[in-house]
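A short worksheet on the structure shown next.
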Amino acid sequence: MTLIIGKGRIFFIMSDFLIELNPQQQKAVAAPPGPMLVLAGPGSGKTRVLTYRVAYLIAALEVPAYQIMAVTFTNKAAREMGHRVQSLLQEKAEGLWLGTFHAICGRILRREAAHLPVDSNFVIFDEDDQLTLMKRVIKEHKLNEKDFNPRQVLAKISNAKNDLQMPADYPLLNHRDEVIQSLYTAYQAYLVASNAMDFDDMLLYTAHLLRNQASIQQKYAHRFKHILVDEFQDTNQAQYNLLFHLAAHHRNLFVVGDEDQSIYRWRGADYKNVKRFEADFTNHEKILLEQNYRSTQTILDSALSVINENEHRTEKVLFTERGKGEPVIVYEATDDHDEAAYVVDIIARQLAQEKAKESDFAIMYRTNAQSRLLEEAFRRANLNYRLIGAQRFYGRREVKDMIAFLRLIYNPKDEVSLSRVINLPPRGIGAVTLQRLQAIAQQADMSSGEVLLALNAAHGSAFMSDLGATAARLLPFSKLLTSWRFNLDLVSLTDLFDQVLLDTDYEAYVKAESDALQDRWANVLELRAVLLEYEEVGLAAFLEAMALVADQDTLPDTIDAPTMLTLHAAKGLEFQQVFIIGLDEHYLPHSRSLHEPEELAEERRLFYVGMTRAKERLYLTRAQRRRSPYGSYETMLPSRFLMDLPESLTRGRISRMDSWHENFDIQQFQWGQSYGSKAKSTAPKPPKRREQRFFPEMHVQHPVYGEGVVQNSRLEFGDETVEVYFDGLGLKALVASMSRLEILEE
DNA sequence: AGCAGCGGCCTTTTT
DNA sequence: GGCCGCTGCT
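Rendered as structure tokens:
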């Protein structure tokens, strides 16, 4: 099929996935160069617009692909866009710069390392590394972790960096700020000494380079004649600044976003960047995409009724041609176990009846911890699932250990990796020896890793004997590190990996550490398999990829199974049927957000993002009681967001909605002091069903009577009475919630 | 140096 | 309920 755009001179040969563009979309895609702001509601095809815009620039305006930079929110989104552009244009798409802010900054920073305090093979510190480092800094400042919570200090530093403040720029309002500034300075010095940077540094350094180094600014502003940004509402100051310096000259900045989907405020994102864009890029064009191609009108209206409660937003008129659809189903579970059972039950039943396929379903929640009960329920039901995020593969201890070995070999200055692996498995280097090593390093103005390497080189010399017992303790590891370093450029990555495993006897160590539940060694082997894919591109690329994997990147789409993910991870995705669980105060909205209206508004947007992922059906669930972060059971209040749903759009009832605000001061609530009528109990009650689960002809299993066939079933007094025929026993009437009947076959 | 036992704290969301 | 850091013992 051929689509004519512009004056007829230009056309695309669209391949099989062509979806006709509506007039707004076409206007955006085929706009003349210049600043463009596309405000796109959920499901309005903004990714499609972005993709086609890139294709249009190349095919119609004959912009070489290497002059285009497109920024996405996740690596996965980048990959998908890359594929689509490629299938539209084939080899003409080569050379396009496409990736997340962090990935793109990484590329620039390695090229421009000469202008940085680190060299081009710097490593990227993740959250764990940052925490390790900050704890060390706090200790060295002779401060208490209680007075200066490492996470909090890091959060402050992160905010500063997102606002482009170096330690010297850190605002000092009181004495405490001075201490934090001092911690920031020391933390930054350690990063530099480790030849490392954290995530925020990647943006900060790039923004600084572009702002302060005219030659670099010109180079990249000249090279990238067109810049496109997805999820623009979630950019922070540093990112905006960076974009500004790249695009200020040619003004070809094409941004797509939706302020209602801004959910990363806590990470420094500021949807005011939309306003900033409008002020900085005058005479920009602005296009609204309001037609939704994803959801039914009912889902859309429900979502709008929730988001409309937020103030200070440009109201959009979202509409769809997909029809009214089914009501939003609301379910109130007795407790969190019941909630999980309900979700899995609905899915299992639809699958059994072949009304849906596995990958149609997604279950979303506010916090990762909420996935656990669902996992258990899925396993009990013998169903597969995909879990995005949470116990990320790359966060596992053994995986981090092995990556730390590789990182240290690649960059011996990495103090955090060194301290992680120097005594792994235990080889007699404890805190004391490590401290001595660090002291020696400090005196010699070297890193600990460099001292280790020097130690081996100076084996037997006076340098050695000066250090005495410490040197003797360190020597074995010093030799190992030297030989790994020596082999770095000689052997393949997997050979190097195997050598480390062998030299450290890591297999025996990790197997001894494993418990029955976790096969840690299997994870090591899995990492080795990943490494295999980087054999060609090398260790640097491998380490970079490991540092920048997003949650969405961790699992292949190919598994046909229901997906479990946080509401944050759900952005940009869509599913036939969506469950949002945990619609209770303190979960959604989360307790940490209740004190601040801005944060509460963000929780609402988060809920809105989740709701608008659904194409056909939306389920919202809550539980009357659930386990608190502590472990005790608490009576919950239904989420205030549920009150915003018009009854005409929903099915199902939430109790206590009318008296929601009576007697409870939500702000004063603390975990541990139950405010419901019932006292705490440690054991959950058996799940109680509100819906009929058993139907005639079902094959069921009873723990005592064995296998039987359901003859009849009815709901009575909130429970279900099932009549089952058991071979040799005859007909038995059973109470569903008490009899632990399992469904074998529907 | 390493380990076991205890007490305090906690978890929001992610590149 | 689980992690982490501290302590005190071997």
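The numbering of the first sequence is my numbering, which starts it at 1 and goes up by one.
For every residue, glycine included, the Cβ atom is placed at its ideal position computed from N, Cα and C.
For the pair the region 397 to 406 and the region 352 to 362, tell me if three or more CB-CB distances fall below 8 Å.
no
Using the Cα positions of tyrosine 52 and arginine 427, report the straight-line distance between them to the nearest angstrom.
57 Å
By the DSSP assignment, the alpha helix (DSSP H) with isoleucine 580 in it spans what residues?
Unbroken run through isoleucine 580 is the beta strand (DSSP E), 575 to 580; no alpha helix (DSSP H).
Is it buried or exposed, glycine 610, if we count other Cβ atoms within 10 angstroms and call 16 or more buried?
buried
Is the number of C-beta pairs between the region 240 to 253 and the region 216 to 223 that are closer than 8 Å three or more?
yes
Look up tyrosine 633 in the DSSP assignment and give the residues it is bridged to.
Arg627
Have a look at serine 628 and glycine 43 and give me their C-alpha separation to the nearest angstrom.
35 Å
Span of the alpha helix (DSSP H), counted from its first residue to its last, around leucine 502
493 to 504
Which residues mark the beginning and the end of the beta strand (DSSP E) in which leucine 253 is found?
253 to 257
Given serine 419, which residues of its chain have a CB within under 7 Å of its CB, disregarding the five upstream and five downstream residues?
Leu434
Around the Cβ of aspartate 727, are there at least 16 other Cβ atoms within 10 angstroms (buried) or fewer (exposed)?
exposed
Tell me the rounded alpha-carbon separation between valine 524 and glutamate 536.
20 Å
Do leucine 642 and isoleucine 654 have their beta-carbon atoms positioned less than 8 Å apart in this structure?
yes
Exposure of leucine 501, with buried meaning 16 or more beta-carbon neighbours within 10 Å:
buried
With phenylalanine 73 and glycine 572 assumed to form a contact (beta carbons below 8 Å), what rounded beta-carbon distance in angstroms separates them?
7 Å
In the DSSP output, what is leucine 620 paired with across the bridge?
Val330 and Ile580
Helix, strand or coil for proline 476, going by three-state DSSP, please let me know.
helix
Helix, strand or coil: which one does DSSP assign to arginine 53?
helix
Do the region 155 to 162 and the region 194 to 205 touch if we need at least three Cβ pairs shorter than 8 Å?
yes
With a threshold of 16 other CB atoms inside 10 Å of the CB of arginine 651, please say whether the residue is buried or exposed.
exposed
In whole angstroms, what is the alpha-carbon distance linking serine 182 and proline 117?
19 Å
Can you give me the Cβ contacts of histidine 115 inside the same chain, cut-off strictly under 8 Å, excluding the 5 residues immediately before and after it?
Leu209, Gln213 and Ile216
Write down every uninterrupted run of the beta strand (DSSP E) in the region 54 to 79 whose length is 3 residues or greater and which is fully enclosed by it, in chain order.
68 to 72
By alpha-carbon positions, which one of Leu490, Thr494, Ala77 and Asp505 ends up nearest to phenylalanine 477?
Asp505
Determine the DSSP secondary structure at tyrosine 205, reduced to helix, strand or coil.
helix
In its own chain, which residues sit with a C-beta less than 7 Å from the C-beta of alanine 348, not counting the 5 before and 5 after it?
Ala381 and Leu383
Go ahead and label arginine 592 buried or exposed: buried means 16 or more other beta carbons lie within 10 angstroms of its beta carbon, across all protein chains shown.
exposed
Sorted by chain position, which residues of the same chain lie with C-beta nearer than 8 Å to alanine 78's C-beta, five sequence neighbours on each side aside?
Ala70, Thr72, Leu98, Gly99, Thr100 and Ala103
The region 270 to 286 contacting the region 296 to 304, beta-carbon criterion three pairs below 8 Å
no
What separation, rounded to the nearest whole angstrom, lies between the Cα atoms of tyrosine 633 and arginine 622?
14 Å
By DSSP, does phenylalanine 361 sit in helix, in strand, or in coil?
strand
Proximity to leucine 606 [Cα-Cα], best of Gln576, Leu565 and Lys615:
Leu565
Please classify methionine 36: does DSSP put it in a helix, a strand, or coil?
strand
Check whether the Cβ atoms of isoleucine 138 and methionine 364 lie closer than 8 Å to each other.
no
Start and end of the beta strand (DSSP E) containing tryptophan 521?
Tryptophan 521 -> not in any beta strand (DSSP E); alpha helix (DSSP H) instead, spanning 520 to 532.
Grouping DSSP H, G and I as helix and E and B as strand, with all else coil, what is threonine 563?
strand
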